[in-house]
Amino acid sequence: MSLQLPQRAPGRRWATARRAGLSASLGLGLVLLAGCSSESRGEWERLAMPEPITEQGEATLGLWQGAWIAALVTGAIVWGLMAWVVVAYRRRHEDEVPVQTRYNLPLEIFYTIAPIMMVVVFFAHTIRVQDVILDDSPPDNVVEVVGQKWSWTFNHGVGSPDLAANEDNTDLDFPYDEYANVVGTLTDIPTLLLPLGETTRFNLHSPDVIHSFGVPGFLTKMDVIPGRVNSFQVTPQIEGTFKGKCFELCGAQHSRMLFDVKVVSPAEYDAYVASLVEAGDSAAAPLLGGDAARTQVGLDVTETEEGQ
Ligand SMILES: [Cu+2]
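Read in order, the letters of the sequence shown are residues 101 to 408 in my numbering.
Shown next, in the form of structure tokens:
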């Protein structure tokens, strides 16, 4: 005697499938709605990118969103075609073998050329945005940034910069005659003040190992490499305090290489630099190892300086 499974009526099977589909859509809708505070709506619109606080960051965000839209449109077309093929060319009878097609030259030319065109368009937009981020037209201020084991030193120029002096970003030719400095240590997280609406260039120095200087709100980070000066510039558009850190796994205390960025009005910025000078935290040249860097255990900057 064979085991007989009870047969379900086709109508009932459809009802069960419909019920399952409805529950799944309701569940998904609830999950999406639950995450819809105004803050998370912003995150959805930016597709998980942090909110840009600089003009240059806006360009990066535009590239990110554009790339996602292009990828989703491509995905939707591909998924749609796949679904259509699955339904239109399904096996209709047990003994039927569908038509077996091997070559379709026009289609094959299309799916070779279309991705190449897409790559060309992505590449063109990437270059356009890269030019915005790496634009080195004359800035309003220049800050010599030092990433040292295990903190940051910020050298703010006092007065107006002589940009001709710093044209090739070398270590020894600086655009200001005086520098006000902020030296961070392991226990003292430094703050980098920036003036709102003005363009500030960061020249990046390292006396020891490779670090990476970045602020999520800039949507930009850049390696800080011993013996070489990288630079980029930002124009902050939003006042407030933001977080920055080292983005390169540089050693044992890497995770403690934090700093704050505070965007203030240009008048407040000038007053801040003046207050540093008044407090005696200034010198004729920027501190490239940082006062604290020289006294921290395990760091010897002499070798690096001789090598430059
Ligand atoms: Cu680091």
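Heads up, the beta-carbon is just placed ideally off N, CA and C, and yes, glycines get one too.
**Request:** Have a look at SER331 and ILE233 and give me their C-alpha separation to the nearest angstrom.
**Result:** 10 Å
**Asked** With burial defined as no fewer than 16 other Cβ atoms inside 10 Å of the residue's Cβ, what is the status of GLN230: buried or exposed?
**Response** exposed
**Message:** To the nearest angstrom, how far is the alpha carbon of ALA367 from that of SER312?
**Reply:** Spanning the two alpha carbons is a distance of roughly 30 Å.
**Asked** Helix, strand or coil: which one does DSSP assign to TYR203?
**Response** coil
**Request:** With DSSP as the reference, label TRP164 as helix, strand or coil.
**Result:** helix
**Message:** Quick check: is any heavy atom of ligand 1 less than 6 Å from the C-beta of HIS225?
**Reply:** no
**Asked** Using the rule of at least 16 other Cβ atoms within 10 Å of the residue's Cβ for burial, across every protein chain shown, is ASN204 buried or exposed?
**Response** exposed
**Message:** Taking the alpha carbon of GLY344 as the reference point, which residue from GLN353, PRO336, THR335, LEU358 has its own alpha carbon closest?
**Reply:** Answer by Cα proximity: LEU358.
**Span separating the alpha-carbon of ASN241 from that of LYS249** = Distance between the alpha carbons of ASN241 and LYS249 is about 26 Å.
**Residue range of the beta strand (DSSP E) that includes PRO290** = No beta strand (DSSP E) contains PRO290, which DSSP labels as neither H nor E.
**Request:** Indicate, with yes or no, if ligand 1 has a heavy atom lying under 6 Å from the CB of MET357.
**Result:** yes
**Item:** C-beta neighbour in chain B for THR160, strict 7 Å
**Value:** You won't find chain B in this structure, because it holds only one protein chain.
**Asked** Which one of ALA159, TRP179, VAL373 has the shortest CA to CA distance from THR291?
**Response** VAL373
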